[in-house]
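Below: one structure, written as structure tokens.
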Amino acid sequence: MILFLAGTSDARELAMELQKQGHKLLATVVTTSAADSLRDAGIDYHVGRLSVEDMVTLIHEKKVTTIIDASHPYAEEASKTAMNAAKECDVFYIRYERPQQHYVHPLVTEVDTYEEAALIAREHKGTVMLTTGSKTLATFTKHLLIDSIRLVCRMLPNKENMEKCDALGIKHRDIIAIQGPFSEELNIALYRQYETTLVITKESGKVGSVDEKMDAALKLNIPVILIKRPKIEYLNQCSTFEEVFQKLGGNINDKHGL
2 MILFLAGTSD ARELAMELQK QGHKLLATVV TTSAADSLRD AGIDYHVGRL
52 SVEDMVTLIH EKKVTTIIDA SHPYAEEASK TAMNAAKECD VFYIRYERPQ
102 QHYVHPLVTE VDTYEEAALI AREHKGTVML TTGSKTLATF TKHLLIDSIR
152 LVCRMLPNKE NMEKCDALGI KHRDIIAIQG PFSEELNIAL YRQYETTLVI
202 TKESGKVGSV DEKMDAALKL NIPVILIKRP KIEYLNQCST FEEVFQKLGG
252 NINDKHGL
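Count along the sequence shown from 1, add 1, and you get the number used in my numbering.
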């Protein structure tokens with residue numbers, strides 16, 4: 002049995018490929034929308050955040066022999082939890098992460114933290130479009146809800162996000178509730194519609210549509226603050242499905258749940 006941490010659209014594709022190959026797996030997700038996506042693909046899933054203790058219990062209950070960590074590149078705690086649980090239970094751990102992109106452009110400022118991004122953005126005037134999701138929203142509202150800045154937040158259209166925006170004082174007119182992926186053309190249209198003067202985004206990789214966000218902004222001569230991925234020392238890191246399959250090749254006990 003494989004315990005599969007699913008956090009991205011390409012993670013779902015990887016899970017489907019593994020299932021097609023005959024591997025039995027249980028996927029873990031945090032949101033109900035992600036669960037719906039897995040259910041539609043016929044993949045068993047568990048919804049909710051897991052502590053190390055929770056994951057250890059699940060490993061024993063389901064007789065897990067391998068953990069594949071395909072969580073979001075910025076889900077740092079989820080990856081640390083998975084590695085610690087794998088070590089405690091002596092099970093095989095594989096990290097799958099979409100390839101990292103590198104950007105060199107005078108309009109692009111790379112930073113290591115959300116706080117750093119917010120502090121740099123505070124020096125700008127006009128419309129700041131935030132495309133980093135809702136998890137760290139409070140970091141940005143703390144610094145950017147000021148008279149010289151209009152903070153426009155783009156995020157998934159779910160009830161929890163809207164409630165968080167209300168609690169943090171973000172006006173409805175400054176919320177773009179929409180689910181991607183987004184084309185470059187749509188990004189350009191949104192930047193123009195809101196008269197954007199600065200974009201804040203994460204280096205989520207090509208599948209995360211960061212290229213389209215970046216290219217659209219740079220075509221319009223809009224500066225971008227790019228938050229780099231957390232620096233984590235992963236075990237058995239893979240950036241393609243084929244690498245994952247190769248590492249699983251010697252771990253035949255996962256096949257058919259044996």
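Don't be surprised by glycine CBs; every beta carbon is placed ideally from N, CA and C.
Determine the direct distance from the alpha carbon of residue j to that of residue i, and round the result to whole angstroms.
i	j	result
G209	T9	For G209, the predicted structure reports a pLDDT of 43, less than 50, and the residue's modelled location is therefore unreliable. A value from the coordinates is still provided. About 8 Å.
H144	D167	17 Å
D70	A42	19 Å
T140	Y97	28 Å
Y192	E244	38 Å
V105	A118	17 Å
R230	K81	14 Å
N85	A36	24 Å
A28	Y94	14 Å
D11	E124	36 Å
A122	H24	46 Å
I179	V129	17 Å
T66	L138	37 Å
R99	D175	31 Å
G250	E14	19 Å
Could you tell me which residues DSSP pairs with residue i in its beta bridges?
i	result
Q238	R96
Q75	Reading off the sequence, residue 75 comes out as Tyr, not Gln. BP columns for Y75 are empty, so no partner.
G127	I150
Among the options, which has the Cα closest to the Cα of residue i?
i	options	result
E89	S52, E14, L169 and I189	S52
M17	R40, T32 and V31	R40
M215	P158, L138, V30 and F183	F183
D55	I177, A79 and E111	A79
A76	I177, T133 and A218	T133
P107	I226, K64, L236 and C239	I226
L131	C239, M2, D212 and I177	I177
V31	I147, Y46, V57 and D212	Y46
Within 10 Å of its beta-carbon, does residue i have 16 or more other beta-carbons around it, so buried, or fewer, so exposed?
i	result
I201	buried
K203	buried
H73	buried
K241	What sits at residue 241 in the sequence shown is Thr, not Lys. T241 comes out exposed.
A87	buried
S38	buried
T114	exposed
A218	buried
R50	exposed
- Message: Could you check whether the segment 216-231 touches the segment 152-160, counting it as contact only if at least three pairs of C-beta atoms, one from each stretch, sit closer than 8 Å?
- Response: Segments in contact, no.
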